[in-house]
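Numbering (this note's numbering), first residue to last: 497 to 734.
Here's the structure we're looking at; comments come further down.
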Ligand SMILES: [Zn+2]
């Protein structure tokens with residue numbers, strides 16, 4: 497199981513780790529480390545990219561994934577050389593990319609806070625997609641004429657951005673997580689994320705420290721899709 501050092505600090509872009517495994521599977525060449533600052537794709541958040549180096553070689557990380565046991569696979573290619581098991585390596589995450597992904601993810605959570613604040617009836621949040629292209633939050637339920645809500649959701653959301661609301665991250669036990677229906681790798685703790693003044697939800701993503709870091713958000717559209725409502729958004733400054 498890889499120790500996940502990105503969980504409690506979004507802004508660590510460089511660190512050290514030890515090589516646990518160098519291998520290849522159907523996805524590609526991979527590295528497993530004892531700990532990592534690379535975010536593995538999941539929870540609607542795109543994985544980090546970056547590079548892992550030592551005096552023996554350089555590995556370019558393009559995709560990161562976690563398996564069901566909480567093992568993190570850093571996929572990519574050796575630019576040169578290779579690593580041996582137990583070797584100490586330098587990790588460097590693309591910091592600008594990470595900051596953007598954190599702002600996008602936090603914006604999705606804050607969008608839900610805006611919907612909560614507006615007390616739009618009949619909507620239950622189900623999932624979020626926080627990739628730079630096509631970010632959205634989805635709800636169970638439909639609205640009549642959903643586009644009529646766009647301007648008020650956008651207005652309240654941007655008011656919440658300006659209120660500089662702090663993000664609160666809390667670690668919870670595996671048992672507490674199961675009670676809330678939050679997936680957590682076997683034997684690991686989970687955590688919840690919330691903006692101050694709003695309810696928390698289970699989330700393993702990377703987040704900003706405060707809403708003001710997100711900057712202005714634009715609601716692109718609100719559309720009914722079968723039994724759900726999708727609210728698409730984007731950041732004004734990227
Ligand atoms: Zn989340």
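In this text, a Cβ means the ideal position worked out from N, Cα and C, and glycines have one as well.
Since this is a predicted model, take the numbers as computed values, not measurements.
As assigned by DSSP and simplified to three states, the class of residue i
i, result
"residue 712", "coil"
"residue 582", "coil"
"residue 654", "helix"
"residue 746", "Residue 746 lies beyond the stretch modelled for the chain, which goes from 497 to 734, so this question has no answer here."
"residue 662", "strand"
"residue 566", "coil"
"residue 507", "coil"
"residue 680", "coil"
"residue 695", "coil"
"residue 722", "coil"
"residue 575", "strand"
"residue 612", "helix"
"residue 675", "helix"
"residue 525", "strand"
"residue 667", "strand"
"residue 690", "strand"
"residue 551", "coil"
"residue 644", "helix"
Per DSSP, the bridge partner or partners of residue i
i, result
"residue 539", "Looking at the DSSP assignment, residue 539 forms no beta bridge with any residue, so it has no partner."
"residue 621", "635"
"residue 546", "557, 589"
"residue 532", "500"
"residue 736", "For residue 736 there is no data in the structure shown, the boundaries of the chain being 497 and 734."
"residue 649", "None, per the DSSP bridge assignment."
"residue 514", "584"
"residue 519", "526"
"residue 602", "Beta-bridge pairing links residue 602 to no other residue."
"residue 707", "According to DSSP, which records beta bridges pairwise, residue 707 is partnered with nothing at all."
Residues near residue i in its chain [Cβ-Cβ closer than 6 angstroms; skip 5 each side]
i, result
"residue 715", "646, 649, 650, 729"
"residue 680", "670, 673, 686"
Cβ separation of residue i and residue j, assumed to be a contact under 8 angstroms, to the nearest whole Å
i, j, result
"residue 498", "residue 572", "Contact flag wrong, Cβ pair sits at about 16 angstroms."
"residue 559", "residue 543", "6 angstroms"
"residue 626", "residue 600", "4 angstroms"
"residue 534", "residue 557", "6 angstroms"
"residue 538", "residue 553", "That pair is no contact at about 28 angstroms."
"residue 678", "residue 606", "Actually they are not in contact, since the Cβ atoms of residue 678 and residue 606 sit about 20 angstroms apart, beyond 8 angstroms."
"residue 528", "residue 569", "6 angstroms"
"residue 616", "residue 516", "Incorrect: roughly 47 angstroms between the Cβ atoms, too far for contact."
"residue 640", "residue 726", "So it is not a contact: roughly 15 angstroms between Cβ atoms."
Contacting residues, own chain, Cβ-Cβ under 8 angstroms from residue i (five flanking each side not counted)
i, result
"residue 628", "542, 596, 597, 600, 734"
"residue 520", "526"
"residue 712", "654, 657, 731, 732, 733"
Close-in-space but distant-in-sequence residues of the same chain around residue i (CB under 7 angstroms, 5 per side omitted)
i, result
"residue 589", "509, 533, 534, 544, 546"
"residue 611", "619, 649"
"residue 663", "602, 689, 691, 703, 704, 705, 706"
"residue 701", "539, 541, 601"
"residue 531", "498, 499, 501, 513"
"residue 609", "656, 691, 694"
"residue 562", "536, 538, 568"
Tell me, please, whether the region 589-606 touches the region 518-527 by the rule of three or more beta-carbon pairs shorter than 8 angstroms. no
Could you say if the region 717-725 and the region 693-706 meet the contact criterion of at least three C-beta pairs nearer than 8 angstroms? no
Using 8 angstroms as the threshold, is the region 611-621 in touch with the region 662-674, meaning 3 or more CB pairs across them? no
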